[in-house]
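First up is the structure itself, then whatever we jot down about it.
In my numbering, the protein residues as written are 1 to 250.
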């Protein structure tokens, strides 16, 4: 079976069930190569994702992050204080690069979804609350730093390829109170766009699906999901992201 027919068959399976589908990875299913082109976008839902109008920054991505040792800053918004602030049992996404440790609280990522940072080089931290999926990658296009924003669009990639991303460690599951189902949910997933080319990037597929960079994969960087208490114990000198409006947004 040629690649086009194989991808079409997998796409039919991937779009048969929509919201609320839980991934189930049963084997080494290959993801499409870069030469699959825009055909790949058509295999997901909606198949017209490349024709949809961008709704940039309805969810404001963070592009000017500010860090501190904790959340004792009196400027922390009341909406975060009402839920207890940053207690030791709250989840964070942690990174360590070039001797610098940083934590990105899930409480912020649920609201802003994308953080453009620079630590040991350009860094991109993303989270999709609907899918409970996260991805940390190099924040570059054509080897040049760029800014990523939230497109305002959702796209469900074919299940097999989303599952392969999870199995390969490109994306990770995160969420407080996951219960008995600690897995990524392949529902409508975060679509990012890059300011440099306005290409659209699927978080779960970990690649560009529309625009000039179609078929380009994110360069994944190591990260850890932990509680704030666990992360502090491992990295006592860590910095932690402060929420907007302390951190600036697009």
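Every residue gets a Cβ at the ideal spot worked out from N, C-alpha and C, and that includes glycine.
It should be emphasised that the depicted structure is a prediction, and the values quoted were computed from it without experimental measurement.
How far does the beta strand (DSSP E) with residue 116 in it extend, from its first residue to its last?
Translated into the one-based positions of the chain shown, residue 116 becomes position 116. Element bounds for residue 116: 114-118.
Using the C-alpha atoms, what's the distance from residue 39 back to residue 80?
On the chain shown, residue 80 is found 80 positions in, with the first residue counted as 1. On the chain shown, residue 39 is found 39 positions in, with the first residue counted as 1. Residue 80 and residue 39: Cα-Cα distance of roughly 42 Å.
Can you list, in chain order, the residues of its chain whose CB lies under 7 Å from that of residue 238, leaving out five sequence neighbours each side?
Along the chain shown, read from residue 1 onward, the residue named residue 238 stands at position 238. Cβ neighbours of residue 238 beyond the five flanking positions: 101, 102, 103, 231 and 232.
Can you check DSSP and say which residues form a bridge with residue 156?
If you number the chain shown from 1, residue 156 lands on position 156. DSSP output for residue 156 lists 45 as bridge partner(s).
Under three-state DSSP, which class holds residue 134?
Taking the first residue of the chain shown as 1, we reach residue 134 at position 134. Residue 134 falls in the strand class under three-state DSSP.
Bridge partners for residue 231 per DSSP, in chain order?
Locating residue 231 in the chain shown gives position 231, counting from the first residue. Residue 231 pairs with nothing; no bridge assigned.
Name the one or two DSSP bridge partners that residue 189 has.
Taking the chain shown and counting its residues from 1, one reaches residue 189 at position 189. DSSP, once it has assigned bridges, lists 155 as partnering residue 189.
State the Cα-Cα distance for the pair residue 236 and residue 82, rounded to the nearest angstrom.
Residue mapping note: residue 236 aligns to position 236 of the chain shown, counting from 1. Residue mapping note: residue 82 aligns to position 82 of the chain shown, counting from 1. Between residue 236 and residue 82, the C-alpha separation is close to 26 Å.
Cα separation between residue 66 and residue 43?
Here residue 66 refers to the residue found at position 66 of the chain shown. Here residue 43 refers to the residue found at position 43 of the chain shown. Spanning the two alpha carbons is a distance of roughly 39 Å.
If you scan the region 63-87 from start to end, which runs of the alpha helix (DSSP H) of 4 or more residues do you find wholly inside it?
DSSP runs (the alpha helix (DSSP H)) wholly in the region 63-87: 78-81.
Compare the C-alpha of residue 174 against each of 76, 193, 74 and 125 and name the closest.
On the chain shown, position 174 is the one that residue 174 refers to. The residue with the shortest Cα to Cα distance from residue 174 is 125.
Who does residue 242 pair with in a DSSP beta bridge?
In the chain shown, the residue the question calls residue 242 occupies position 242. Bridge partners of residue 242: none, in fact.
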